[in-house]
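**Q**
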Amino acid sequence: MGKYVERFNARERILHWFVMLSFFMLVFSGLGLYSRIFHGYFDLFGGGEAAIFIHKYMGVVFFVSSILLFLNHYKEMNSFDEDDRRWFRLLGGYLDRDPEHINSGKFNAGQKAYGLFMGIATILLGVTGFINWFPASFPIGIVRLSLLLHGTLFLIFIMFVIVHAYLTTIGNPGTLESMIYGNVRRIWAKTHHPKWYKEISGQ
Ligand code: HEM
């Protein structure tokens, strides 16, 4: 019996890194559009015009890859069982000194909620981004609402991504290996996702 079990195939990993890289390009090219205080970030792209150009086309890359990632994991994320409800009741154990490991499947309830939020937020960011791209084609009231929604969604999104990046690295050592190598240590799988481990190993 090998030391590792497969968690994500190459296609899933490439998709995730596309989402992640395009997301950060969008953040840095968009900061200057968000507020004057961040205009300095335009210099990273050689000026405001270039940053806006990159923001638009990276938006398309992000939209397509994030939707594909969402569709890929949708089946594993759209149902919550009794163990998931327990996860929510205990807030994943993150507020306990000696947390109980909940009997989670491939994704725990927090990951499922995060994945579902990302899918819905991507659609809304895409729709509002499209309106912002072609403002002359829409009534001014719609464009204003769209700009407000786009900025607000971005704020919520970035907060979730910071928490996600922490939990998949320093917060839970061993997790990042799944996105780099595609597999994880058996002990990691048994500890964090016991129900999933049982399913794939029969143990
Ligand atoms: C520094 C940035 C990021 C890091 C280090 C990171 C890392 C990871 C890792 C290691 C996993 C696998 C978790 C597991 O095996 O249980 C994962 C899953 C996932 N990531 Fe990321 N990620 C980052 C950014 C993003 C961004 C920007 C998005 C979307 C906008 C995203 C969306 C997802 C989704 C939907 C999953 C699958 C479900 C989940 O774990 O919640 N990630 N990420």
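Everything in the sequence shown is counted per my numbering, starting at 49 for the first residue and increasing by one. Glycine included, C-beta positions come from ideal geometry on N, C-alpha and C.
(1) What residues sit near ligand 1, counting only those whose C-beta is closer than 6 Å to one of its heavy atoms, in chain order?
(2) Restricting to Cα atoms, I'd like to know which of L193, Y162 and R55 is closest to M136.
(3) With DSSP as the reference, label Y89 as helix, strand or coil.
(4) Taking contact to mean at least 3 C-beta pairs separated by less than 8 Å, is the segment 58-78 in contact with the segment 128-145?
(5) List the DSSP bridge partners of Y52.
(6) Find the nearest neighbour of F205 within the set V67, G219 and T239, judged by alpha-carbon distance.
(7) Alpha carbon to alpha carbon, how far is H103 from N120?
(8) Below 8 Å, how does it come out for the segment 116-131 and the segment 165-181: are there three or more Cβ pairs, yes or no?
(9) Of the residues K154, Y105, H149 and G80, which one's Cα is nearest the Cα of S226?
**A** Walking through what the data contain:
(1) R55, H64, V67, M68, F71, S114, L117, H121, F155, Q159, Y162, G163, M166, V209, H212, A213, T216, T217, T223, L224, S226 and M227
(2) Here residue 136 corresponds to residue number 88 of the sequence shown, with the count starting at 1. For the record, residue 136 in the displayed sequence is Phe; it is not Met. Checking every option, the nearest Cα to that of F136 belongs to Y162.
(3) In the sequence shown, the residue the question calls residue 89 occupies position 41. DSSP places Y89 in helix when its eight states are reduced to three.
(4) As far as the Cβ criterion goes, the segment 58-78 does not touch the segment 128-145, which means the pair count is below three.
(5) By one-based count along the sequence shown, residue 52 stands at place 4. Its beta-bridge partners are R233.
(6) Translated into positions along the sequence shown, residue 205 becomes position 157. Answer by Cα proximity: V67.
(7) Counting from one through the sequence shown, the residue named residue 103 turns up at place 55. Counting from one through the sequence shown, the residue named residue 120 turns up at place 72. For H103 and N120, the distance between alpha carbons rounds to 25 Å.
(8) Verdict: yes, contact present.
(9) As a first step, residue 226 is located in the sequence shown; it is residue number 178 there, counting from the start. The shortest C-alpha separation from S226 is found at K154.
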